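Q: In UniProt numbering, the protein residues as written are 1 to 267.
Supplied in structure tokens, the structure appears directly below.
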Amino acid sequence: MRERPSLSQARSLLEDAAEDAGKVVIRCLGPLYVLAANAAILFIATSMVLVVYPRVLAGQPVANRAVHLIFLASTVGSVLWNYYACASVGPGYSLTKIQDPEAGHRTCKKCGCAKPEGCHHCSVCDKCVLGMDHHCPWMNTCVGRDNYAYFLRFLSSCWLGTAYTAAVSSVPIELVGMAIKYRKKDSGAHLSCYLLSLGVLIGITLLLGFHLYLASTGQTTISLVDKFASCETWREVARKLCWEQDFSLGNLRRAFAGRRGARGRAT
């Protein structure tokens with residue numbers, strides 16, 4: 001007579017099925033995230049040139065308008081360059097298959113590749129990523145050893161660009177219930193540009209601040225999560241986050257330059 005699966009076994013099967021389904025969903029949605037990111041950049045840049053500038057800079061000297069246009073173009077160029085560099089360069093993968101796991105090498109249990117320090121297997125990419133920080137759905141790739149510098153520069157360019165577009169396109173708005181009230185002379189495109197810039201700016205500020213903290217302390221997202229997992233009290237969390245960290249501008253400079261160690265610690 002066949003033995004019925006226990007409740008814990010059934011729960012484990014359900015968790016595995018949910019995890020596998022999540023991987024498939026993220027893989028399928030990856031191109032849509034990339035499309036959405038590019039559409040947002042294109043919409044903000046186009047709205048600034050065709051809608052916001054003619055309204056805000058009307059009557060200003062040609063030199064002033066040229067400065068604004070050049071600044072916008074250079075910022076958008078930096079955003080796109082670092083975005084595509086980060087996505088195309090890739091994080092760097094461990095491709096060396098270990099034939100003899102007993103030889104003292106750390107080996108990935110999922111793909112059989114060598115796992116140097118700081119290397120982790122990404123369940124979405126299904127590869128071992130060197131110096132892995134996280135999987136970024138907006139770029140449809142992992143962020144790791146080889147492309148973390150591009151990622152930092154991308155976030156910095158995004159912050160600078162959205163801070164600028166939010167400031168220049170700012171319009172007085174008022175929330176009345178679920179409706180947004182604004183001056184009739186401000187077009188919907190103008191308002192949308194401002195709200196999108198402001199929303200992205202808030203999100204990028206939090207994300208950039210977090211990664212500047214990681215870069216300056218020589219950590220990765222994964223190593224920080226591991227520290228959280230080992231903590232039992234909030235006091236211990238605070239100590240490991242702040243008091244035990246070695247903040248260094250040298251770490252930050254090397255991270256922006258693309259020189260980080262296997263665990264995310266600058267070398």
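Idealized CB from N, CA, C, for every residue including glycine.
Small disclaimer: the values here were computed from a predicted structure and weren't measured.
Taking the alpha carbon of I44 as the reference point, which residue from T220, G112, L72 has its own alpha carbon closest?
A: Residue 44 sits at position 44 when you count from the first residue of the sequence shown. Comparing Cα-Cα distances from I44 to each of T220, G112, L72, the minimum goes to L72.
Q: Could you spell out where the alpha helix (DSSP H) holding H68 opens and where it closes?
A: Translated into the one-based positions of the sequence shown, residue 68 becomes position 68. Element bounds for H68: 62 to 89.
Q: Which residue from S123, N38, N251, Y194 puts its Cα closest to that of Y148?
A: Numbered from 1 along the sequence shown, position 148 holds the residue referred to as residue 148. Of the listed residues, the one whose Cα sits closest to Y148 is N251.
Q: Cutting at 7 angstroms between CB atoms, please list the residues of its own chain near L208, excluding the five before and the five after it.
A: Reading the sequence shown from its first residue, position 208 is the one you call residue 208. Same-chain partners within the cutoff: L155, S156, W159.
Q: Enumerate in chain order the residues of its own chain whose CB-to-CB distance from L69 is below 8 angstroms, with the five nearest sequence positions on each side excluded.
A: By 1-based counting over the sequence shown, the position of residue 69 is 69. So the list reads V49, Y53, once near-sequence residues are dropped.
Q: Alpha helix (DSSP H) containing K127: first to last residue?
A: Taking the first residue of the sequence shown as position 1, residue 127 is located at position 127. Not the alpha helix (DSSP H): K127 falls in the beta strand (DSSP E), residues 127 to 129.
Q: Considering T107, what are the terminal residues of the alpha helix (DSSP H) in which it resides?
A: Residue mapping note: residue 107 aligns to position 107 of the sequence shown, counting from 1. T107 -> no alpha helix (DSSP H), and no H or E assigned at all.
Q: Going by DSSP, what residue range makes up the beta strand (DSSP E) through C122?
A: As a position in the sequence shown, residue 122 is number 122, starting the count at 1. That run of the beta strand (DSSP E) goes 120 to 122.
Q: Using 8 angstroms for Cβ pairs, my map puts T141 next to L201. What's the rounded Cβ distance?
A: As a working note, residue 141 is residue 141 in the sequence shown. As a working note, residue 201 is residue 201 in the sequence shown. In fact, because the Cβ distance is near 24 angstroms, the residues do not count as touching under 8 angstroms.
Q: Taking a contact to mean a Cβ-Cβ separation below 8 angstroms, would you say C125 touches K115 in this structure?
A: Translated into the one-based positions of the sequence shown, residue 125 becomes position 125. Translated into the one-based positions of the sequence shown, residue 115 becomes position 115. Cβ atoms of C125 and K115: not closer than 8 angstroms.
Q: Classify A36 as helix, strand or coil using the three-state DSSP reduction.
A: As a first step, residue 36 must be located in the sequence shown, where it is residue number 36. In this structure, A36 counts as helix in the three-state DSSP scheme.
Q: Would you report the Cα separation of A167 and E117, rounded to the nearest angstrom?
A: Position 167 of the sequence shown holds residue 167. Position 117 of the sequence shown holds residue 117. Looking at the two C-alpha atoms, the distance is approximately 44 angstroms.
Q: By how many angstroms is the C-alpha of S197 removed from the C-alpha of G188?
A: Position 188 of the sequence shown holds residue 188. Position 197 of the sequence shown holds residue 197. So the two alpha carbons sit approximately 14 angstroms from each other.
Q: Out of curiosity, what's the CA-to-CA distance linking G77 and A85?
A: Residue 77 sits at position 77 when you count from the first residue of the sequence shown. Residue 85 sits at position 85 when you count from the first residue of the sequence shown. Cα to Cα, G77 sits roughly 12 angstroms from A85.
Q: With DSSP as the reference, identify every bridge partner of A114, one or two as the case may be.
A: Here residue 114 is taken as the residue at index 114 of the sequence shown, counted from 1. Paired residue(s): T107.
Q: So G144 packs on P61, CB below 8 angstroms; how close in whole Å?
A: For this step, residue 144 is matched to residue 144 along the sequence shown. For this step, residue 61 is matched to residue 61 along the sequence shown. The pair is not a contact, with the Cβ atoms about 47 angstroms apart (cut-off 8 angstroms).
Q: With DSSP as the reference, label V171 as helix, strand or coil.
A: Counted from its first residue, the sequence shown places residue 171 at position 171. In the structure shown, V171 sits in coil (DSSP, three-state: anything other than H, G, I, E or B).
Q: Taking the alpha-carbon positions, what's the M132 to L32 distance?
A: Counting from one through the sequence shown, the residue named residue 132 turns up at place 132. Counting from one through the sequence shown, the residue named residue 32 turns up at place 32. Spanning the two alpha carbons is a distance of roughly 23 angstroms.
Q: If H120 and I41 are in contact, beta carbons under 8 angstroms, what's the gap, nearest whole angstrom?
A: Taking the first residue of the sequence shown as position 1, residue 120 is located at position 120. Taking the first residue of the sequence shown as position 1, residue 41 is located at position 41. Contact doesn't hold; Cβ gap of about 30 angstroms is too wide.
Q: Nearest CA to the CA of V51: which residue from Y194, S216, L214?
A: Along the sequence shown, read from residue 1 onward, the residue named residue 51 stands at position 51. The residue with the shortest Cα to Cα distance from V51 is Y194.
Q: Take the Cβ of L95 as the centre, count every other Cβ of all protein chains shown within 10 Å, and call the residue buried at 16 or more, exposed below.
A: The count along the sequence shown starts at 1 and reaches residue 95 at position 95. Under this definition L95 is an exposed residue.
Q: What distance in whole Å lies between the Cβ atoms of L206 and L214, which are believed to be in contact at a cut-off of 8 angstroms?
A: As a position in the sequence shown, residue 214 is number 214, starting the count at 1. As a position in the sequence shown, residue 206 is number 206, starting the count at 1. Not a contact, Cβ separation roughly 13 angstroms.
Q: Let me know if residue 269 comes out buried or exposed under the rule of 16 or more other beta-carbons within 10 Å of its beta-carbon.
A: As shown, the chain starts at 1 and ends at 267. That puts residue 269 outside it, with no answer to give.
Q: Identify which residue in S123, A87, V79 has its Cα closest to the Cα of V25.
A: Your numbering for residue 25 matches position 25 in the sequence shown. Per the Cα distances, S123.
Q: In the DSSP assignment, what residue or residues form a beta bridge with residue 284?
A: Coverage of the chain is limited to positions 1 through 267, which leaves residue 284 absent and any answer about it impossible.
Q: For T267, name the three-state secondary structure that DSSP assigns.
A: Reading the sequence shown from its first residue, position 267 is the one you call residue 267. Residue confidence is low: T267 scores 38 on pLDDT, short of 50, so the model does not pin down where it sits. No coordinate-derived value is stated.
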